[in-house]
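Engineer:
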Amino acid sequence: MKIKELKKAAVNFGTPIYVYDLSIIESQYRKLQNAFKNLDNYKIHFAAKSLSNISVLKFIKNLEIGLDAVSIEEVKIGIKCGFKKHEILFTPNGVNFSEIKEAKSLGVKINLDSLESIKDFSENYPNDPISIRINPGIYAGGNEKISVGHSNSKFGIPEEFISDLIKMDKENRINVTGLHIHTGSDITKNNEFEKGIKKIFSTATKFKNIESIDLGGGIKIPYFSGDTETNLNDYAKAVEEEHNKFKNNTGKKLKIIFEPGKFLVSDSGYFITSVNYIKKSQNNNFIQVNSGFNHFLRPTLYNSYHEVINLSNPNDQKEECTIVGYICEKDTLAEKRMISKISKGDLLCFKNAGAYGYNMSSNYNSRLRPAELCIHDNSIKKIREKENLEDLLKNQIDIF
Ligand SMILES: Cc1ncc(COP(=O)(O)O)c(C=O)c1O
Numbered sequence: 010m011k012i013k014e015l016k017k018a019a020v021n022f023g024t025p026i027y028v029y030d031l032s033i034i035e036s037q038y039r040k041l042q043n044a045f046k047n048l049d050n051y052k053i054h055f056a057a058k059s060l061s062n063i064s065v066l067k068f069i070k071n072l073e074i075g076l077d078a079v080s081i082e083e084v085k086i087g088i089k090c091g092f093k094k095h096e097i098l099f100t101p102n103g104v105n106f107s108e109i110k111e112a113k114s115l116g117v118k119i120n121l122d123s124l125e126s127i128k129d130f131s132e133n134y135p136n137d138p139i140s141i142r143i144n145p146g147i148y149a150g151g152n153e154k155i156s157v158g159h160s161n162s163k164f165g166i167p168e169e170f171i172s173d174l175i176k177m178d179k180e181n182r183i184n185v186t187g188l189h190i191h192t193g194s195d196i197t198k199n200n201e202f203e204k205g206i207k208k209i210f211s212t213a214t215k216f217k218n219i220e221s222i223d224l225g226g227g228i229k230i231p232y233f234s235g236d237t238e239t240n241l242n243d244y245a246k247a248v249e250e251e252h253n254k255f256k257n258n259t260g261k262k263l264k265i266i267f268e269p270g271k272f273l274v275s276d277s278g279y280f281i282t283s284v285n286y287i288k289k290s291q292n293n294n295f296i297q298v299n300s301g302f303n304h305f306l307r308p309t310l311y312n313s314y315h316e317v318i319n320l321s322n323p324n325d326q327k328e329e330c331t332i333v334g335y336i337c338e339k340d341t342l343a344e345k346r347m348i349s350k351i352s353k354g355d356l357l358c359f360k361n362a363g364a365y366g367y368n369m370s371s372n373y374n375s376r377l378r379p380a381e382l383c384i385h386d387n388s389i390k391k392i393r394e395k396e397n398l399e400d401l402l403k404n405q406i407d408i409f
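Heads up, the sequence shown is in the numbering used here, so the first residue is 10 and it goes up one at a time.
#1: Only counting runs of 3 or more residues, tell me where the beta strand (DSSP E) segments fall wholly within the stretch 80 to 125, in order along the chain.
#2: May I ask which residues mark the beginning and end of the beta strand (DSSP E) holding N184?
#3: What's the gap between the Cα of Y29 and the Cα of V317?
#4: Taking C-alpha atoms, which residue in I265, A343, G278 lies nearest to N294?
#5: Which residue marks the beginning of the alpha helix (DSSP H) containing M177, and which one marks its end?
#6: List the DSSP bridge partners of N294.
#7: Under 8 Å between the Cβ atoms of G363 and V274?
#8: Roughly how many angstroms separate the alpha carbons of K113 and S36, rounded to a whole number?
#9: Is the stretch 197 to 208 touching the stretch 326 to 335, taking contact as three or more C-beta pairs under 8 Å?
#10: Hey, how far is the Cα of K215 from the Cα of L174?
#11: Compare the C-alpha of P167 against each of N184, L188, R346, N144 and name the closest.
#12: Whole-angstrom Cβ separation of G205 and I266, contact assumed at under 8 Å?
#13: Nearest to K261 by alpha carbon, out of A44, E220, V284?
#14: In its own chain, which residues sit with a C-beta less than 7 Å from the C-beta of F106, not counting the 5 before and 5 after it?
#15: For ligand 1, I want to know if D77 counts as a neighbour, meaning its beta carbon is within less than 7 Å of at least one of the ligand's heavy atoms.
#16: Alpha carbon to alpha carbon, what distance is there between R307 and V157?
#17: Can you tell me the Cβ-Cβ gap for I209 and I222, rounded? I've got them flagged as a contact below 8 Å.
#18: Compute the minimum distance between the beta carbon of T100 and the heavy atoms of ligand 1, and state whether it is under 7 Å.
#19: List the endpoints of the continuous beta strand (DSSP E) containing F359.
#20: Are the beta-carbon atoms of N320 and L31 separated by less than 8 Å?
#21: Starting from N319, follow its DSSP beta bridges and name the residues at the other end.
#22: Is there at least one non-hydrogen atom of ligand 1 closer than 7 Å to the beta-carbon of F272?
#23: Are the CB atoms of V117 and I86 nearer to each other than 8 Å?
Pasting the structure below:
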């Protein structure tokens, strides 16, 4: 962790602020390349929903990573950043068909996730190949909100309808060339990944023109020393083994796609706040910072753990404290933590803030979104301005 640079960034640009160290994104990508080196045809597509600042996306594009988009806006941002149409995958959920039509006209690959949208697609583009997201019927992921591959989830084509699709494909009523699954986020148990991998490869054998499978995201990184993480080598080995079985059974090879979000950018991001007050009560030592869940939602929404470093005084005696925001409801950012002694005005840095950090921020309480910076080639650059009052008001219409 680059404490000196992070402190400099906060002092020079003010707080709250998001800072991304681009070298960490690159080193995370190299780890994936290393783990997947025995796969003969694979591609990494970055899940743009986790962090979509255009400078970060361009950096990622230059590493020759593709894009995974969830909305037509992410598709368009990707195109603006220079991703080629074949480098963009669009996996929407429950969108109006007009969005799918627009993506089709832009030429990107689409993963359809309901029978209803497949029907519309086949009527509009009768002979075109399709890629479909299936629901693998697996409960996996760090918490209930991010477990999306189980049978009660709204995502993917329910297992009970897959046989209908296989029949339609056999009868040439549809032409399935791609299969997709995304089981959840923060998956540590490799057997949960393995179940999904087995499921998608075995389903793939049933579609005569299948060319690619997409294993989604979900790779877990550790959030503190000793925390669990996905074993990348075991993950890669499971993919390789199932692919080998598929090749032996069918005599065909598949392109394999991965869509990591957190794995690529979580570690690269730091969210830095300043201490307004230290408010003591009988049972608590509340550290009140100049932010809240409006800027950093994950601790409140998912109860996620983010290590906190006191940048102003990193090596003092540790004291127990609870870090809270200024929002008008409970917005605990870190509960009952032992942190190096904190004083009013200190800079507190939340680690692992790169993924779903800025991208989940809002203007709640009419607060302004913060600036974003990056550390690249030994310099700190601003990559997004902090909002101002005019930004808050610009689309509002005063009818009086
Ligand atoms: C379809 C899809 N792919 C990839 C991802 C990225 O997941 P993660 O950030 O856990 O890698 C998500 C996350 O919601 C997703 O919905």
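Built from N, CA and C at the ideal position, the CB exists for glycine as well.
Structural biologist: Working from what's here:
#1: Scanning the stretch 80 to 125 for uninterrupted beta strand (DSSP E) segments of 3 residues or longer gives 97 to 99, 118 to 121, listed from N- to C-terminal end.
#2: Counting from 1 along the sequence shown, the entry for residue 184 is found at position 175. N184 -> beta strand (DSSP E) spans 184 to 189.
#3: Position 20 of the sequence shown, counting from 1, holds the residue named residue 29. Position 308 of the sequence shown, counting from 1, holds the residue named residue 317. Near 16 Å, if we compare the C-alpha coordinates of V317 and Y29.
#4: Position 285 of the sequence shown, counted from the first residue, corresponds to residue 294. Here the closest residue by C-alpha is A343.
#5: Residue mapping note: residue 177 aligns to position 168 of the sequence shown, counting from 1. Unbroken alpha helix (DSSP H) run through M177: 171 to 179.
#6: Here residue 294 corresponds to residue number 285 of the sequence shown, with the count starting at 1. In DSSP, N294 forms a bridge with K289.
#7: Position 354 of the sequence shown, counted from the start, is the residue given in the question as residue 363. Position 265 of the sequence shown, counted from the start, is the residue given in the question as residue 274. Contact: yes.
#8: Within the sequence shown, numbered from 1, the residue matching residue 113 stands at position 104. Within the sequence shown, numbered from 1, the residue matching residue 36 stands at position 27. Rounded to whole angstroms, K113 to S36 spans 34 Å at the Cα level.
#9: Short answer: they don't touch.
#10: Reading the sequence shown from its first residue, position 206 is the one you call residue 215. Reading the sequence shown from its first residue, position 165 is the one you call residue 174. Between K215 and L174, the C-alpha separation is close to 10 Å.
#11: Taking the sequence shown and counting its residues from 1, one reaches residue 167 at position 158. Considering only alpha carbons, the answer is N144.
#12: On the sequence shown, residue 205 is found 196 positions in, with the first residue counted as 1. On the sequence shown, residue 266 is found 257 positions in, with the first residue counted as 1. No, G205 and I266 are not in contact; Cβ-Cβ is about 13 Å, not under 8 Å.
#13: Indexing the sequence shown from 1 puts residue 261 at position 252. The option with the nearest alpha carbon to K261 is E220.
#14: By 1-based counting over the sequence shown, the position of residue 106 is 97. Once the five neighbours on either side are set aside, the close Cβ partners of F106 are S126, D129.
#15: What you label residue 77 is simply residue 68 of the sequence shown in a count that begins at 1. Under cutoff, so the answer is yes.
#16: Taking the sequence shown and counting its residues from 1, the one referred to as residue 157 is at position 148. Taking the sequence shown and counting its residues from 1, the one referred to as residue 307 is at position 298. Approximately 17 Å between the Cα atoms of the pair.
#17: In the sequence shown, counting from the first residue as 1, residue 209 sits at position 200. In the sequence shown, counting from the first residue as 1, residue 222 sits at position 213. That belief holds up - the Cβ atoms of I209 and I222 are roughly 5 Å apart, short of 8 Å.
#18: For this step, residue 100 is matched to residue 91 along the sequence shown. Short note on T100: C-beta closer than 7 Å to some heavy atom of ligand 1.
#19: For this step, residue 359 is matched to residue 350 along the sequence shown. Unbroken beta strand (DSSP E) run through F359: 356 to 359.
#20: Here residue 320 corresponds to residue number 311 of the sequence shown, with the count starting at 1. Here residue 31 corresponds to residue number 22 of the sequence shown, with the count starting at 1. It should be pointed out that residue 320 corresponds to Leu in this sequence rather than to Asn. The answer is no: Cβ separation not under 8 Å.
#21: Walking along the sequence shown from the start, residue 319 turns up at place 310. In DSSP, N319 forms a bridge with L357.
#22: As a working note, residue 272 is residue 263 in the sequence shown. It does: the Cβ of F272 is within 7 Å (strictly closer) of some heavy atom of ligand 1.
#23: On the sequence shown, residue 117 is found 108 positions in, with the first residue counted as 1. On the sequence shown, residue 86 is found 77 positions in, with the first residue counted as 1. No.
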